[in-house]
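Heads up: the sequence lines are chains A and B, in that order.
With the numbering used here, the residue at position 32 of the first sequence is 32, and numbering never jumps.
Position in the second sequence counted from 1, then plus 189, gives you the numbering used here.
For every residue, glycine included, the Cβ atom is placed at its ideal position computed from N, Cα and C.
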Amino acid sequence: MRTRKRVPRSRVLIIALFGAVLLAGGGLTWWYEYAEPVSFVAVAATPARLIDGIESYGRVDAFLVDLTRQSLEYEVKRPDPPPREARRPPFAITTVTIRRYSHLGQVGVLRVAFFNDRLVGVRFFPSAMDAYLARLLSDEGLDLKSQAEAKPSPHTRVYVATEQERGRYVGWEDTRLAAEMSLWIKRYS
Amino acid sequence: MAMNEQALCAAALGVERPHRAARSAAGGGPRGGDGRDRGPFAGASRAACGPVAGCATRWIDSPRGRFRPHLPATHIWGLTTTRPSHNGARSARTRVSTGPYATGTTNGTGSFYRARYYDPVRSRFVSQDPFGLAAGPNLYLYVGANPLAFTDPRGLWRWPGSIYDEALADAMGRFPLETSHNGTGDAYRHCLASCMMTRENSEGEAAFLGWLNEVRGDWLHDQERGERQMDEHNNAAGRVCGRTAGSTQDCQDRCLAAPLIQSYQGGSSAPYSKTGYYGNLR
Chain A
1 MRTRKRVPRS
11 RVLIIALFGA
21 VLLAGGGLTW
31 WYEYAEPVSF
41 VAVAATPARL
51 IDGIESYGRV
61 DAFLVDLTRQ
71 SLEYEVKRPD
81 PPPREARRPP
91 FAITTVTIRR
101 YSHLGQVGVL
111 RVAFFNDRLV
121 GVRFFPSAMD
131 AYLARLLSDE
141 GLDLKSQAEA
151 KPSPHTRVYV
161 ATEQERGRYV
171 GWEDTRLAAE
181 MSLWIKRYS
Chain B
190 MAMNEQALCA
200 AALGVERPHR
210 AARSAAGGGP
220 RGGDGRDRGP
230 FAGASRAACG
240 PVAGCATRWI
250 DSPRGRFRPH
260 LPATHIWGLT
270 TTRPSHNGAR
280 SARTRVSTGP
290 YATGTTNGTG
300 SFYRARYYDP
310 VRSRFVSQDP
320 FGLAAGPNLY
330 LYVGANPLAF
340 TDPRGLWRWP
350 GSIYDEALAD
360 AMGRFPLETS
370 HNGTGDAYRH
380 CLASCMMTRE
390 NSEGEAAFLG
400 WLNEVRGDWL
410 HDQERGERQM
420 DEHNNAAGRV
430 CGRTAGSTQD
440 CQDRCLAAPL
450 IQSYQGGSSA
460 PYSKTGYYGN
470 LR
């Protein structure tokens with residue numbers, strides 16, 4: 001009579017452990033990718049108010065019409081269309097740069113960014129940052145001298161940062177769209 | 190890869206990787222040099238930590254001063270207990286269950302575990318986490334108050350998600366938003382995250398998680414070959430920078446100076462999933 005060869009217990013344990021790790025990894029990946037479905041193109045019902053009354057979630061074309069009406073010169077940088085369809089949601093950043101924009105008595109460069117045709121935030125590079133920060137405090141009550149950021153409304157974040165090429169700026173952003181953008185990058189980039 | 194990995198960061202900065210012995214002498218630990226006191230057994234403790242509580246116990250009155258790692262039997266938060274010796278040779282031993290860190294010295298007010306003082310009576314750290322707010326809003330917690338799931342023998346391990354979040358926020362603030370995917374900001378972010386993870390956790394962890402992220406991109410999102418090559422190059426540059434970086438600021442400076450691949454032409458390369466590693470499997 002032939003006896004069945006027993007598989008060593010250690011080997012069974014190793015295989016079980018490997019399987020458990022694979023299952024856990026697959027589960028975590030699924031949870032990370034699909035547990036929180038985000039369309040990345042949805043428009044919120046209540047936009048956030050940014051610099052000079054500009055509101056988030058605005059469309060590029062509507063924004064350009066406004067600029068033309070105000071006789072402001074601008075440059076538009078649109079993303080190249082994707083060469084092929086990858087299995088991920090769209091990621092298209094369009095920027096509109098206004099070379100001579102005036103806010104609170106300061107002239108500077110204003111760059112407006114759109115994430116999938118929704119206005120996500122603006123960056124203002126004033127010619128004199130200290131004077132501009134002082135005006136922000138006195139006129140709008142935003143203290144960006146003693147703190148790095150302020151939240152004038154539930155979905156608006158105003159902050160001071162430094163861009164590598166252009167220098168210091170004051171940024172306004174809709175926190176919901178900024179979080180969406182971060183989520184896209186973490187998941188798909 | 191066209192450029193030697195060691196040269197990715199060092200060539201741009203004139204930085205050479207010091208010999209392990211020299212690093213130990215300078216900083217006392219494997220990643221010394223940032224001025225943090227890691228205690229006398231820094232760098233040698235991980236093997237003494239159990240997978241459950243992340244703890245070792247030691248008999249601190251051993252006649253030859255021996256350090257004997259042993260899984261804790263009583264309290265994962267590190268209570269000091271006294272009990273008779275099993276062989277009766279000594280009347281009692283004071284056992285310190287070194288929950289958070291694998292070695293400690295006691296004084297009248299608490300125990301010093303590598304990076305922080307701990308009060309075993311209150312079961313709490315009485316000094317703040319050396320990572321500050323980056324580790325969470327409560328500065329007195331240990332591994333997010335979850336010692337059953339996490340260990341931190343050096344007192345410096347950091348949740349990778351927190352590192353990625355910090356690198357992402359830095360890259361998005363420092364570069365125009367349109368470069369945050371397959372652009373300058375993307376390259377910098379990959380380098381910075383890898384550098385910070387190498388410095389704060391380990392190079393192996395940075396390499397593994399970076400690789401895992403790219404494999405995930407291949408399998409689930411059909412990313413292009415060029416995209417993966419760009420990310421892997423920049424991750425490698427970050428890891429080299431992280432070996433000798435003394436702070437996050439160091440990582441930022443080095444990644445800004447390192448020769449990173451900052452863009453690739455979309456549509457120029459087929460995805461690995463169809464032609465490369467996995468294509469043959471289908």
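Residue(s) in a DSSP beta bridge with residue i
i: GLN106/A; result: HIS103/A
i: PHE115/A; result: ILE93/A
i: TRP400/B; result: Note: TRP400/B sits in no beta bridge, so no partner.
i: ARG76/A; result: Before going on, a small fix: residue 76/A reads as Val here, not Arg. According to DSSP, which records beta bridges pairwise, VAL76/A is partnered with VAL96/A.
i: PHE314/B; result: TYR307/B
i: PRO190/A; result: Nothing in the structure corresponds to residue 190/A, since chain A is present only between 1 and 189.
i: GLU55/A; result: ARG49/A
For residue j and residue i, believed in contact at Cβ under 8 Å, the rounded distance
i: HIS370/B; j: ASN423/B; result: The Cβ separation is near 13 Å, so there is no contact.
i: TYR377/B; j: GLY415/B; result: With 8 Å as the limit, TYR377/B and GLY415/B do not qualify as a contact, their Cβ atoms being about 18 Å apart.
i: ILE93/A; j: LEU381/B; result: With a Cβ gap of about 20 Å, ILE93/A and LEU381/B do not count as contacting.
i: LEU110/A; j: PHE63/A; result: Going by Cβ atoms, the distance from LEU110/A to PHE63/A rounds to 12 Å, so no, they are not a contact pair.
i: VAL142/A; j: PRO154/A; result: The sequence as given places Leu at residue 142/A; Val does not occur at that position. Incorrect: roughly 15 Å between the Cβ atoms, too far for contact.
i: ASP117/A; j: VAL60/A; result: 6 Å
i: CYS384/B; j: GLY431/B; result: 4 Å
i: GLN106/A; j: ALA131/A; result: 7 Å
i: GLN412/B; j: PRO460/B; result: 6 Å
i: GLU163/A; j: ARG363/B; result: 6 Å
i: LEU50/A; j: THR156/A; result: 6 Å
i: ILE185/A; j: LEU357/B; result: 6 Å
Collapsed DSSP secondary structure at residue i in the structure displayed
i: PRO460/B; result: strand
i: LEU445/B; result: helix
i: LEU366/B; result: helix
i: VAL158/A; result: strand
i: ASP407/B; result: helix
i: GLY121/A; result: strand
i: ALA178/A; result: helix
i: GLU421/B; result: helix
i: TRP31/A; result: helix
i: GLN451/B; result: coil
i: PRO474/B; result: Any property of residue 474/B remains undetermined from this structure, which presents chain B solely from 190 to 471.
i: TYR188/A; result: helix
i: VAL170/A; result: strand
i: SER383/B; result: helix
i: SER391/B; result: coil
i: ALA48/A; result: coil
i: LYS5/A; result: coil
i: ALA150/A; result: strand
i: GLU140/A; result: helix
i: GLU165/A; result: coil
i: GLU355/B; result: helix
i: GLU416/B; result: helix
i: LEU328/B; result: coil
i: ALA42/A; result: coil
i: SER10/A; result: helix
i: GLN70/A; result: coil
i: GLY431/B; result: helix
Using 8 Å as the Cβ pair cut-off and three pairs as the minimum, do the region 165-178 of chain A and the region 117-136 of chain A touch?
Yes: the two stretches touch, three or more of their Cβ pairs being nearer than 8 Å.
Using 8 Å as the threshold, is the region 434-450 of chain B in touch with the region 392-399 of chain B, meaning 3 or more CB pairs across them?
Result no; under three Cβ-Cβ pairs closer than 8 Å.
The region 66-81 of chain A / the region 90-107 of chain A touching (three or more Cβ pairs under 8 Å)
The region 66-81 of chain A, when compared against the region 90-107 of chain A, does touch it at the 8 Å Cβ threshold.
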